[in-house]
Amino acid sequence: DAGVIQSPRHEVTEMGQEVTLRCKPISGHNSLFWYRQTMMRGLELLIYFNNNVPIDDSGMPEDRFSAKMPNASFSTLKIQPSEPRDSAVYFCASKGFAANYGYTFGSGTRLTVV
Amino acid sequence: RKEVEQDPGPFNVPEGATVAFNCTYSNSASQSFFWYRQDCRKEPKLLMSVYSSGNEDGRFTAQLNRASQYISLLIRDSKLSDSATYLCVVDNSGNTPLVFGKGTRLSVIA
Chain A
82 DAGVIQSPRH EVTEMGQEVT LRCKPISGHN SLFWYRQTMM RGLELLIYFN NNVPIDDSGM
142 PEDRFSAKMP NASFSTLKIQ PSEPRDSAVY FCASKGFAAN YGYTFGSGTR LTVV
Chain B
613 RKEVEQDPGP FNVPEGATVA FNCTYSNSAS QSFFWYRQDC RKEPKLLMSV YSSGNEDGRF
673 TAQLNRASQY ISLLIRDSKL SDSATYLCVV DNSGNTPLVF GKGTRLSVIA
């Protein structure tokens, strides 16, 4: 089991550019979550999917953020246009049907917008 | 009131010490509880689930007090490698996302 795979690991981009973060959940997991982590705010849930369907995107900070899950093995989080305050670590996590086993997180994408 | 509250620390303890973290949660209907560990610049990883009867995994003991709505984590004989941030996590139902505390930072000093 390769775990949750995120790419890229690091991204440095200029303000105004489009950024796309990618996630491959663990095979067979039916829920996928996108989080953002900063020192000030901790882990914030941005959006989550059950069976590829977006369930709650109320954590998405602005319309500049969008997420898709076209199939069970792939999801993207897009920021367009990016701003310096978007700089953070973005984690993807997935969960199977059993509720008592928590989430498995990917290694994260460290985004810096200059 | 925040859903999950933890003392951010840092807790600075010498090797071999016993250290305990507490966490409180606001939703009395919460169903499942976890402790996650996050190393610097790494992802959170599940440390242990927390059961009503309390549970132990080596040097780590987790306790749940539903009446007072708090969870604790006890680490005995601290090692340098225990230095990390410990996140208290609550599952309000099987169908809603886990709720994460902001974490408690532990530094074990030689």
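Chains as they are written, first to last, in the working numbering: chain A, 82 to 195; chain B, 613 to 722. The beta-carbon is built from N, C-alpha and C at its ideal position, and this holds for glycine as well.
Under three-state DSSP, which class holds residue i?
| i | result |
| --- | --- |
| Ser640(B) | coil |
| Arg117(A) | strand |
| Arg103(A) | strand |
| Ser188(A) | coil |
| Leu710(B) | coil |
| Pro620(B) | coil |
| Asp703(B) | strand |
| Pro162(A) | coil |
| Ser693(B) | helix |
| Asp167(A) | helix |
| Asp137(A) | strand |
| Gly91(A) | Looking at the sequence provided, one finds His at residue 91(A) rather than Gly. His91(A): strand per DSSP, three-state reduction. |
Closest by CA to residue i, which one among the options?
| i | options | result |
| --- | --- | --- |
| Thr185(A) | Leu192(A), Val195(A), Thr193(A) and Phe172(A) | Phe172(A) |
| Thr119(A) | Phe178(A), Val194(A) and Ser168(A) | Ser168(A) |
| Met150(A) | Ile128(A), Met141(A), His91(A) and Ser139(A) | Ile128(A) |
| Ser693(B) | Cys652(B), Val702(B), Pro709(B) and Ala632(B) | Cys652(B) |
| Met141(A) | Ile160(A), His110(A) and Gly177(A) | Ile160(A) |
| Ala641(B) | Asn634(B), Lys654(B), Glu615(B) and Lys657(B) | Glu615(B) |
| Asn111(A) | Gln643(B), Lys714(B), Asn624(B) and Pro709(B) | Pro709(B) |
| Lys714(B) | Asn634(B), Glu627(B) and Arg671(B) | Asn634(B) |
| Tyr663(B) | Lys654(B), Arg678(B) and Glu655(B) | Arg678(B) |
So, for residue i: in the same chain, excluding its five sequence neighbours on each side, which residues have a beta-carbon less than 8 Å away from its beta-carbon?
| i | result |
| --- | --- |
| Met96(A) | Pro162, Ser163, Glu164, Pro165, Val194 and Val195 |
Which residues in the same chain have their Cβ closer than 6 Å to the Cβ of residue i, if we skip the five residues on either side of it in sequence?
| i | result |
| --- | --- |
| Leu158(A) | Leu102, Trp115 and Ala148 |
| Pro622(B) | Arg717 and Ser719 |
| Phe130(A) | Leu113 and Met150 |
| Asn704(B) | Asn639 and Ser642 |
| Phe712(B) | Leu699 and Val701 |
Is the closest heavy atom of the ligand NAP to the C-beta of residue i under 7 Å?
| i | result |
| --- | --- |
| Gly140(A) | The ligand NAP is absent from the structure shown, which contains no ligands of any kind. |
Roughly how far, in whole angstroms, is the beta-carbon of residue i from the beta-carbon of residue j, given that I think they are within contact range, below 8 Å?
| i | j | result |
| --- | --- | --- |
| Ala696(B) | Gln650(B) | 6 Å |
| Val100(A) | Thr94(A) | 6 Å |
| Ala629(B) | Ser680(B) | At roughly 25 Å, the Cβ-Cβ gap does not stay under 8 Å, so Ala629(B) and Ser680(B) are not in contact. |
Would the stretch 99-106 of chain A count as touching the stretch 154-163 of chain A if we require 3 or more Cβ pairs under 8 Å?
Yes: at least three Cβ pairs fall under 8 Å.
Within 8 Å, do at least three Cβ pairs link the stretch 682-693 of chain B to the stretch 87-94 of chain A?
Contact between the stretch 87-94 of chain A and the stretch 682-693 of chain B is absent, because fewer than three Cβ pairs lie under 8 Å.
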